[in-house]
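To start, the structure itself, in C-alpha cells.
Numbering (the UniProt record's numbering), first residue to last: 1 to 430.
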C-alpha cells in the first residue's frame with residue numbers, strides 16, 4: 001500500500017500449492033486480459049531509484065564491465081545491508097539466498113558429475129571467472145573509494161556472488177525498440193520488480209508482464225481457473241538455461257523450448273575421421289580455418305524439438321566441409337558464395353525434422369556421427385540401448401524419489417537434451 005502497488009483481489013502470493021518457494025495463485029476465476037497487479041515505476045529497484053543513485057550516475061564511466069550489471073549490483077550491495085533501506089521489506093524475503101540453488105553454488109565435483117555433457121558446467125566456470133574479475137577490477141576499487149557507503153569487509157566477493165545470482169534469477173529487462181527493424185534490440189540494464197518476481201515460470205504460461213511509461217502490469221493471457229497457479233514466462237528457455245540461471249527445470253517432455261547443442265568441434269572431429277592422404281588432411285584443415293573465421297565465437301549448433309535452430313551456420317559448415325579441392329578454391333576466390341545462393345526459408349525447411357531425412361548422404365552422416373559423439377559426452381548411457389538413455393529413471397518413481405532436487409534437475413536437463421539428439425540420429429540414419 002505504501003508504494004502504491006495494486007494487487008487484484010483475485011490473486012494471492014503463497015508458498016502452498018505452488019511449484020517452487022513463493023508463487024501466485026488465483027483465488028477466483030480470471031478472464032483473459034485481466035490486470036493481476038500494477039507496479040508503479042517508483043517501486044522498482046535499480047541504480048536509478050537507489051539511495052546511492054547520484055554517486056553511481058556521477059562515476060558511471062568507471063563502472064563499465066562486460067556484464068553491464070555493476071551499477072545495479074552496487075545499489076543492491078548498499079540497499080541489502082542498510083538497516084534504513086526503503087527496500088528492506090522487499091529484500092528481507094531473501095534472508096540468506098539459500099533458496100537460490102543455482103549450479104554456481106554447487107561444489108565443483110558435484111556440478112561436474114551431475115551436469116557432464118550438458119554445457120552448464122562450462123557456462124558456470126565462465127560466469128565465476130567473470131564475476132571474480134569484475135569484483136576485483138571494478139567493484140572493489142570503487143567501494144574502497146567510497147568508505148562512507150560501502151565496506152570491503154561487509155560487501156565481500158561472497159555477497160557479490162549471491163547478489164549476481166539474485167539478479168540472474170529474479171531481475172527483469174525492459175524490451176528496447178531498435179531504431180529500425182534490422183538493428184538488434186538494445187539491451188536495457190536489469191532491474192528488480194517486486195511482486196512480478198514472485199511468479200514462477202513455465203513455457204506454457206498464463207500471464208505476461210507489460211511495460212508502460214508509468215507502471216508495469218501483469219496481465220493474464222488466457223483464462224485462469226480458481227486455485228490454479230499464475231505463471232509468467234522468463235522467455236523461450238531450454239531446461240539447461242533454466243537450471244543455469246534460475247536453479248530449476250520444467251519436466252523435459254513439457255518444455256517446448258528445450259534444446260540440445262552439438263559442439264562445432266564435434267562436427268570437425270567426425271569430418272577428419274578416416275582421412276588417408278596428407279593432401280586431403282591439408283584441405284580439411286584449410287576448410288576448417290576458413291570456417292573458424294566465418295563462425296567466430298559460434299561454439300555449437302543448437303537443435304530444438306522441431307529441428308536445427310542455427311540452420312544457416314550448419315548449412316555453411318556442411319557445405320564447406322564437403323567441398324572438393326576445386327570447389328573450395330573457387331569459394332575462396334569469390335570470398336564466399338553469392339548472397340542469393342540459398343534462400344533462408346528454404347534452408348530452415350531443409351534442416352527441420354521434416355527436411356533432415358532428405359539431406360544428401362554425406363551431410364546426414366556428418367550430423368548423425370556428431371550427434372552420436374555428443375551423446376557419448378554425457379557418459380551415463382553404458383549398457384542402455386540407443387535412444388533409451390537415462391530417461392528410464394524419470395519413469396521409475398522409486399528411483400526418482402531417491403534423488404535430491406539437484407539430481408532430479410540435472411536428470412531433466414540430460415534427458416531432454418539426449419531425447420533431441422537421439423531423435424536427430426534417427427532422422428539422419430543412412
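C-beta atoms are modelled at their ideal positions from N, C-alpha and C, and glycine is treated no differently.
{"query": "Label residue 281 either buried or exposed according to how many other C-beta atoms from any shown protein chain fall within 10 Å of its C-beta, with 16 as the threshold for buried.", "result": "exposed"}
{"query": "Quick one: is residue 195 buried, meaning 16 or more other Cβ sit within 10 Å of its Cβ, or exposed?", "result": "buried"}
{"query": "Between residue 19 and residue 307, what straight-line distance do the alpha-carbon atoms span, to the nearest angstrom?", "result": "30 angstroms"}
{"query": "Using 9 angstroms as the threshold, is the C-beta distance between residue 192 and residue 104 below it?", "result": "no"}
{"query": "Taking residue 371 as part of the beta strand (DSSP E), name the residues at either end of that continuous run.", "result": "Not the beta strand (DSSP E): residue 371 falls in the alpha helix (DSSP H), residues 361-376."}
{"query": "Decide if the segment 45-56 is in contact with the segment 11-18; the criterion is three or more beta carbon pairs, one per stretch, under 8 angstroms apart.", "result": "no"}
{"query": "Could you pull the DSSP bridge partners for residue 191 from this structure?", "result": "172"}
{"query": "Can you list, in chain order, the residues of its chain with a C-beta nearer than 6 angstroms to that of residue 443? Leave out the 5 residues immediately preceding and following it.", "result": "Given that the chain is displayed from residue 1 to residue 430, the structure contains no residue 443 and the question cannot be resolved."}
{"query": "Enumerate in chain order the residues of its own chain whose CB-to-CB distance from residue 81 is below 6 angstroms, with the five nearest sequence positions on each side excluded.", "result": "154"}
{"query": "Figure out for me which residue from 112, 261 and 237 has the closest Cα to the Cα of residue 250.", "result": "237"}
{"query": "Could you check what DSSP says for residue 275 in three-state terms: helix, strand or coil?", "result": "coil"}
{"query": "Which runs of the beta strand (DSSP E), 3 residues or longer, sit entirely within the segment 232-285?", "result": "260-263"}
{"query": "What residue range is occupied by the uninterrupted alpha helix (DSSP H) comprising residue 71?", "result": "70-81"}
{"query": "Buried or exposed, going by whether 16 or more other CB atoms sit within 10 Å of the CB of residue 190?", "result": "buried"}
{"query": "If you draw a straight line from the alpha carbon of residue 418 to that of residue 59, how long is it in whole angstroms?", "result": "48 angstroms"}
{"query": "Evaluate residue 54 with the Cβ neighbour count: other Cβ atoms within 10 Å of its Cβ, from every protein chain shown; 16 or more gives buried, anything less gives exposed.", "result": "exposed"}
{"query": "Could you give the first and the last residue of the continuous beta strand (DSSP E) run that contains residue 204?", "result": "Premise fails: residue 204 is in no beta strand (DSSP E) and is neither H nor E."}
{"query": "Less than 6 angstroms between C-beta atoms, sequence neighbours within five positions excluded: which residues of the same chain meet that for residue 71?", "result": "47, 56 and 63"}
{"query": "With H, G and I counted as helix, E and B as strand and the rest as coil, what does DSSP make of residue 322?", "result": "coil"}
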